[in-house]
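Engineer:
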Amino acid sequence: MLKKSIIILTLVTLFAFSAAMVSAQTIELEFWHAMSGGRTAAVEKIVDGFNAEHDDIHVTAQFTGSYAETLTQGISAVRSGNPPHIIQVYEVGTQTMLDSEAIVPVYEIAEGKIDFGSVIQPILNYYSVDGHLYSMPFNSSTAMLYYNKDAFAKAGIEDVPETWADIEEMGLKIIDSGAANHGLSFGWPAWILEQMHAYHNKPYANNDNGRSGRATEVYLDRDFAKMVLGYWTDLVEKDVVAYGGREYSANQDFLAGEVAMLIQSTSSLSSIMDSADFEVGTTFLPRFEGQGIGNSVIGGASLWVMKGHSQEEYDAVVEFFKYLSQTDVTIQWHKDTGYFPSTNAAVKTLMDNRWFSENPNYLTAFLQVLSGVQSPAANGVLLGNFVEIRDIVDTAVEEAFTGVSTAEEALNKADEEADKVLQDYTELFGE
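Everything in the sequence shown is counted per the working numbering, starting at 1402 for the first residue and increasing by one.
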């Protein structure tokens, strides 16, 4: 009996030791992200799927607040010696991350291991510098126009707007018919002003939008920016445009029927489609006639790899990025969130499965971003301390819309303040 007990105890000990060895061999990866609400569940679905397929790697996804908070915490963690492996950073943080000395470029650890050639070109262009991809594309979006088909029908409008003149004409018809109190609202106004520059192939800053050298001045005091904000302000005075706040508040006005059109990120598509009690249509951003053709610019965020880890851990990060690049995972993320399918293979599969033909609103912005030209002005602007500059521009839009300043006065002030931000940044990080 004693001998049997010893054998059993020995087996239990060996099993426990073996389990401990397996656990010790499991590589733990920390992934900090800024996806809240339903998007948190979409992130967790991806992470859970990866963990289920990998016994030797375990990813823990942690929501770390807003994009700005996540960026700041990630860089601080590297400097304090306790960095996560991956952080999600929004597109305006790109230059900050490049200059942070806290990152390991994705191309350095994944070149030849992941087919970056499969990434949709405008997305690849945004996060590449000198032909090298520095961060992993993840949740990419752009802006597009949403419209209330029921309100359009009530106003007797059969076409969709293609120009800002159409927005004005249709907006006035909508108001006169009682279909809505205003024609249009939009979220992220500073971003939409950036979009208008890229969409019409107009540079937003010097040195090829910061692509051929560090940007040291913005072009907010130039004719194009003043024309855009001046036109918008005129539409506010006519009640065609209603100010919708700095982020997503305009979505609620659209869903409530207060406005019949909305310019917003594609990332809002799934939630708008789920919440609307009217038929939602989508179309390309409106153009200013005679102003050139560029491309709508990428928004959203990408994944950055942080310094301070072993090669074994970086190899595990590459495995996670490979998983993100899988066609089925990319498609799942797109359907769950409305963000772009980021690879050509995913797009082909979606087309083959008739997803886009059965869900045309998910195709709109994707076609839009592929239908323009590729140029420095259209590939997106890289600015030091872009977060602060965008805040300055948001203030300028608010002042113009509320009559505190004219569009010209507001932009002259914003240009001066933004250039000072860039000057301070350049003094800190060099040319």
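Glycine included, every Cβ here is placed at the ideal spot set by N, Cα and C. Keep in mind that this is a model prediction, so the values were computed, not measured.
Going by other Cβ atoms of all chains shown within 10 Å of its Cβ, with 16 needed for buried, is ASP1820 buried or exposed?
Structural biologist: Walking along the sequence shown from the start, residue 1820 turns up at place 419. When all chains shown are included, ASP1820 counts as buried.
Engineer: Quick test of your reading: VAL1641 and LEU1725, contact by CB under 8 Å. State the CB separation rounded to the nearest angstrom.
Structural biologist: Working through the sequence shown from its first residue, we reach residue 1641 at position 240. Working through the sequence shown from its first residue, we reach residue 1725 at position 324. Between LEU1725 and VAL1641 the Cβ distance is about 42 Å, and since that is not below 8 Å, they are no contact.
Engineer: If distances are taken between C-alpha atoms only, which option among GLN1474, GLU1470, GLU1429, TRP1433 comes closest to ASP1456?
Structural biologist: For this step, residue 1456 is matched to residue 55 along the sequence shown. It is GLU1429.
Engineer: Return the CA-CA distance between HIS1486 and GLN1463, expressed in angstroms with no decimal places.
Structural biologist: To locate residue 1486, count along the sequence shown from 1; it is residue 85. To locate residue 1463, count along the sequence shown from 1; it is residue 62. If I take the Cα positions, the gap works out to 12 Å.
Engineer: Let me know the secondary structure DSSP gives MET1436 once reduced to three states.
Structural biologist: Taking the sequence shown and counting its residues from 1, the one referred to as residue 1436 is at position 35. Note: MET1436 maps to coil in three-state DSSP.
Engineer: In its own chain, which residues sit with a C-beta less than 8 Å from the C-beta of PHE1689, not counting the 5 before and 5 after it?
Structural biologist: Here residue 1689 refers to the residue found at position 288 of the sequence shown. These residues qualify, in order along the chain: THR1564, TRP1565, MET1597, HIS1601, MET1628, VAL1629, TYR1632.
Engineer: In chain order, what are the residue ranges of uninterrupted alpha helix (DSSP H) at least 4 long that sit wholly in the segment 1499-1535?
Structural biologist: The qualifying runs are 1507-1511, 1522-1527.
Engineer: Could you pull the start and end residues of the beta strand (DSSP E) that PRO1538 belongs to?
Structural biologist: Counting from 1 along the sequence shown, the entry for residue 1538 is found at position 137. 1537-1542 is the span of the beta strand (DSSP E), which, as asked, contains PRO1538.
Engineer: Select from THR1497, LYS1814, LYS1639, SER1477 the residue whose C-alpha is nearest the C-alpha of MET1571.
Structural biologist: The count along the sequence shown starts at 1 and reaches residue 1571 at position 170. Checked all of THR1497, LYS1814, LYS1639, SER1477; the closest Cα to MET1571 is LYS1639.
Engineer: Just mark ARG1396 as buried or exposed, buried being the case when its beta carbon has 16 or more other beta carbons within 10 Å.
Structural biologist: This structure leaves residue 1396 out entirely; the chain is present only between 1402 and 1832.
Engineer: Pick out whichever of HIS1459, GLU1809, GLY1494, ILE1575 has its Cα sitting closest to the Cα of ARG1623.
Structural biologist: Position 222 of the sequence shown, counting from 1, holds the residue named residue 1623. Looking at the Cα atoms, GLU1809 is the closest of the given residues.
Engineer: Can you list, in chain order, the residues of its chain whose CB lies under 6 Å from that of GLU1818, leaving out five sequence neighbours each side?
Structural biologist: The count along the sequence shown starts at 1 and reaches residue 1818 at position 417. So the list reads ILE1793, once near-sequence residues are dropped.
Engineer: What's the C-alpha gap between ALA1853 and ALA1779?
Structural biologist: Any question about residue 1853 goes unanswered here, given that the chain covers just 1402 to 1832.
Engineer: Since LEU1783 is in the beta strand (DSSP E), which residue starts that stretch and which ends it?
Structural biologist: Walking along the sequence shown from the start, residue 1783 turns up at place 382. Unbroken run through LEU1783: none, as it is neither H nor E.
Engineer: Touch check for the segment 1491-1507 and the segment 1660-1668: three-plus C-beta pairs under 8 Å?
Structural biologist: no
Engineer: Which residue's Cα is closest to the Cα of ALA1661: TYR1740, SER1672, VAL1681, GLU1648?
Structural biologist: In the sequence shown, residue 1661 corresponds to position 260, counting from 1. Closest option to ALA1661, Cα to Cα, is VAL1681.
Engineer: The beta strand (DSSP E) that contains GLN1775, what's its start and end?
Structural biologist: Walking along the sequence shown from the start, residue 1775 turns up at place 374. Looking at the DSSP string, GLN1775 is not in any beta strand (DSSP E), and its letter there is neither H nor E.
Engineer: Just confirm the distance between the C-beta atoms of ALA1643 and ASP1635, as a whole number of angstroms; I'd bet it's less than 8 Å.
Structural biologist: Taking the sequence shown and counting its residues from 1, one reaches residue 1643 at position 242. Taking the sequence shown and counting its residues from 1, one reaches residue 1635 at position 234. Between ASP1635 and ALA1643 the Cβ distance is about 14 Å, and since that is not below 8 Å, they are no contact.
Engineer: Around the Cβ of THR1427, are there at least 16 other Cβ atoms within 10 angstroms (buried) or fewer (exposed)?
Structural biologist: Numbered from its first residue, the sequence shown carries residue 1427 at position 26. Flag for THR1427 reads exposed.
Engineer: Going by DSSP in three states, ILE1576 sits in which element: helix, strand or coil?
Structural biologist: As a working mapping, residue 1576 is identified with position 175 in the sequence shown. ILE1576: helix per DSSP, three-state reduction.
Engineer: What residues are listed by DSSP as bridge partners for MET1707?
Structural biologist: For the purposes of this step, residue 1707 is taken as residue 306 along the sequence shown, with counting starting at 1. DSSP output for MET1707 lists ILE1504 as bridge partner(s).
Engineer: Let me check understanding here. Comparing Cα to Cα, which of PHE1539, ILE1558, ALA1511 lies closest to TYR1548?
Structural biologist: Sequence index remark: in the sequence shown, residue 1548 carries index 147 (1-based). Measuring from the Cα of TYR1548, the nearest candidate turns out to be ILE1558.
Engineer: Taking VAL1698 as the reference, give the member of LEU1472, LYS1736, GLY1532, ALA1599 with the closest Cα.
Structural biologist: Translated into positions along the sequence shown, residue 1698 becomes position 297. Minimum Cα distance to VAL1698 is reached at ALA1599.
Engineer: State the Cα-Cα distance for the pair ILE1515 and LEU1525, rounded to the nearest angstrom.
Structural biologist: As a working note, residue 1515 is residue 114 in the sequence shown. As a working note, residue 1525 is residue 124 in the sequence shown. A direct Cα-to-Cα measurement between ILE1515 and LEU1525 gives close to 13 Å.
Engineer: With three or more C-beta pairs closer than 8 Å as the rule, is the segment 1771-1791 touching the segment 1694-1709?
Structural biologist: Judged by Cβ distances under 8 Å, the segment 1694-1709 makes contact with the segment 1771-1791, as three or more pairs qualify.
Engineer: Give a yes or no on whether the C-beta atoms belonging to THR1473 and SER1536 are separated by under 9 Å.
Structural biologist: What you label residue 1473 is simply residue 72 of the sequence shown in a count that begins at 1. What you label residue 1536 is simply residue 135 of the sequence shown in a count that begins at 1. No, they are not a contact pair.
Engineer: In whole angstroms, give me the CA-to-CA distance for ILE1732 and PHE1432.
Structural biologist: Here residue 1732 is taken as the residue at index 331 of the sequence shown, counted from 1. Here residue 1432 is taken as the residue at index 31 of the sequence shown, counted from 1. The straight-line gap from Cα to Cα measures roughly 21 Å.
Engineer: Assign VAL1413 to one of two classes, buried (16 or more other C-beta atoms within 10 Å of its C-beta) or exposed (fewer than that).
Structural biologist: Within the sequence shown, the letter at position 12 stands for residue 1413. With a pLDDT of only 43 at VAL1413, under 50, the local geometry of the prediction cannot be trusted, and the value read off the model is given with reservation. Answer is exposed; the Cβ neighbour count stays below 16.
Engineer: My understanding is that VAL1343 touches VAL1706, with C-beta atoms under 8 Å, so please give their C-beta distance in whole angstroms.
Structural biologist: Because the chain here runs from 1402 to 1832, residue 1343 falls outside it and cannot be looked at.
Engineer: Short of 6 Å in beta carbon distance, which residues of its chain neighbour ALA1556, apart from the five on each side in sequence? Order them along the chain.
Structural biologist: As a working note, residue 1556 is residue 155 in the sequence shown. LYS1574, ILE1575, SER1578, ALA1580, listed in sequence order.
Engineer: Start and end of the beta strand (DSSP E) containing LYS1427?
Structural biologist: Taking the first residue of the sequence shown as 1, we reach residue 1427 at position 26. According to the sequence provided, residue 1427 is Thr. The question's Lys does not apply to it. Counting along the chain, THR1427 falls outside any beta strand (DSSP E), and DSSP gives it neither H nor E.
Engineer: Is the beta carbon of GLY1739 closer than 9 Å to that of LEU1670?
Structural biologist: Locating residue 1670 in the sequence shown gives position 269, where the first residue counts as 1. Locating residue 1739 in the sequence shown gives position 338, where the first residue counts as 1. Contact: yes.
Engineer: Given a threshold of 16 other Cβ atoms within 10 Å of its Cβ, counted over all protein chains shown, does PRO1604 qualify as buried or as exposed?
Structural biologist: Numbered from 1 along the sequence shown, position 203 holds the residue referred to as residue 1604. Under this definition PRO1604 is a buried residue.
Engineer: Roughly how many angstroms lie between the CA atoms of ILE1407 and GLY1450, to the nearest whole one?
Structural biologist: Within the sequence shown, the letter at position 6 stands for residue 1407. Within the sequence shown, the letter at position 49 stands for residue 1450. A caution first: ILE1407 carries a pLDDT of 46, below 50, which makes its placement in the model too unreliable to give a value.
Engineer: Based on Cα-Cα distance, which residue from GLU1759, LEU1812, GLY1466, VAL1770 lies nearest to GLU1799?
Structural biologist: Position 398 of the sequence shown, counting from 1, holds the residue named residue 1799. Comparing Cα positions, the closest option is LEU1812.
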